[in-house]
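Heads up, the thing below is written out as structure tokens.
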Amino acid sequence: MNWLKRARHGIKTWKKKNLPDGLWEKCPSCGEILYVKELNRQMSVCPKCDYHFKIGAYDFIRLITDDNSFIETEAGLYSGDPLDFKDSKKYKNRVKDAIKKTGMNSAIITGTATIEGKYTALGIIDFSFLGGSMGSVVGEKIARVANAAIEKRISLILISASGGARMQESILSLMQMAKTSAAISRVSRAGLPFISILTNPTTGGVAASFAFQGDVILAEPKALVGFAGPRVIRETVGEELPEGFQRSEFLIEHGMIDMIVSRRDVKNVLGFLLDSLTCGAAASSEEKSQKNERTNISLIR
Ligand SMILES: [Zn+2]
14 MNWLKRARHG IKTWKKKNLP DGLWEKCPSC GEILYVKELN RQMSVCPKCD
64 YHFKIGAYDF IRLITDDNSF IETEAGLYSG DPLDFKDSKK YKNRVKDAIK
114 KTGMNSAIIT GTATIEGKYT ALGIIDFSFL GGSMGSVVGE KIARVANAAI
164 EKRISLILIS ASGGARMQES ILSLMQMAKT SAAISRVSRA GLPFISILTN
214 PTTGGVAASF AFQGDVILAE PKALVGFAGP RVIRETVGEE LPEGFQRSEF
264 LIEHGMIDMI VSRRDVKNVL GFLLDSLTCG AAASSEEKSQ KNERTNISLI
314 R
């Protein structure tokens, strides 16, 4: 029951000041007050209305990969400031703050892992790092993880949550659209599957490049997916937009995506897709090579 109905029925609603920080979270979709620990147990999905809260890249990795199978790559790459850009704040400082806030060096985490036993290359964008925007480092890491997929003859999965291009890198940021598209095209030419997962929100340059180039495109329920935001489109075309415009449910009706998958099922679905798309062939030998790789890493350390 939302707050308006509660008020009509004379039911008192908790005010925000009654909620101790970090213990409770209000669902932005249905208004339900949720206990954060319980919400975490539910994979950050609202038990009342199935709203999918944003989760971080490492949370997603824990959600879909087999235990201790993820090996991160290119973790040390971080953005430079080639244009010496400054708006209300220096870009250099924005990046520094984002690194401090998130504990990550860039907006994307890449690596390899097994998912239900299938060895795969993986990249996950984290919205909490400068809105998941695609600058040179995000583009470079996508290109490198695509190359790793080709080199190891494994499939590629990219999970997006992004506001689009990194404005502070200007044209260099826009060039990442061509660069990531070319990388996906190489994966395709190598005969390897690419699965794209769109989460809330996937917009701008990310939606206009690799995110929509998946052999299979999955989306989380009710995710906002599109190039320009609804407000910009409404103002440009001067018309009211249909209900649910640019949400996953609208997109699947219009043939833009293949499947809407709840976070609760995504690991199983990925396992099934990887098995179907690779005929389950390469998994066992690749798993061995991954184990060797892990051994080598621990020896180096
Ligand atoms: Zn809800």
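Per this note's numbering, residue 14 is the first one in the sequence shown, and the count goes up by one each step. Here a beta-carbon is modelled for each residue, glycine too, at the ideal position from N, C-alpha and C. Since the structure is predicted, the reported quantities are computational estimates derived from the model, not experimental observations.
Residue i (DSSP reduced to helix, strand or coil)
i      : result
Val108 : helix
Thr127 : strand
Ile270 : coil
Phe225 : helix
Leu231 : strand
Phe98  : coil
Arg166 : coil
Pro175 : As written in the sequence, residue 175 is Ser, which differs from the Pro given in the question. Residue state, collapsed to three classes: strand.
Pro214 : strand
Ile155 : helix
Arg277 : coil
Leu135 : strand
Met3   : What is shown of the chain runs 14 to 314, which leaves residue 3 out entirely.
Ser209 : strand
Lys67  : coil
Thr193 : helix
Counted within 10 angstroms of its Cβ, other Cβ atoms place residue i as buried (16 or more) or exposed
i      : result
Thr249 : exposed
Arg276 : buried
Phe285 : exposed
Arg107 : buried
Ile197 : buried
His267 : exposed
Asn118 : buried
Leu254 : exposed
Asn213 : buried
Leu312 : Reliability fails at Leu312, whose pLDDT of 39 lies under 50, so the model's placement of it is uncertain and the value that follows must be treated cautiously. So Leu312 ends up on the exposed side.
Ile68  : buried
Ser227 : Correcting the residue identity first, residue 227 is Gly in this sequence and not Ser. When all chains shown are included, Gly227 counts as buried.
Tyr64  : buried
Straight-line gap, residue i to residue j (C-alpha atoms, nearest Å)
i      : j      : result
Gln55  : Pro206 : 30 Å
Ala70  : Ala162 : 19 Å
Pro234 : Lys102 : 35 Å
Glu51  : Lys280 : 20 Å
Cys40  : Cys62  : 9 Å
Gly251 : Ser222 : 27 Å
Val200 : Gly136 : 14 Å
Leu171 : Asp80  : 19 Å
Ser12  : Leu47  : The requested residue 12 does not occur in the structure, where the chain is confined to residues 14 to 314.
Ile246 : Phe258 : 11 Å
Ser146 : Asn160 : 21 Å
Whole-angstrom C-beta distance between residue j and residue i, which should lie under 8 Å
i      : j      : result
Thr291 : Lys131 : 7 Å
Leu231 : Asp271 : 7 Å
Leu211 : Ala236 : 6 Å
Ala134 : Leu169 : 5 Å
Val58  : Gly35  : That belief does not hold up - the Cβ atoms of Val58 and Gly35 are roughly 19 Å apart, past 8 Å.
Task: Stretch-stretch touch, CB-based, cutoff 8 Å, three pairs: the region 232-243 with the region 203-217 - done: Touching, yes, given that three or more Cβ pairs across the two stretches are closer than 8 Å.
- [ ] State whether the region 172-190 contacts the region 109-117, with contact taken as three or more CB pairs (one from each stretch) at a distance under 8 Å.
- [x] No, they do not touch.
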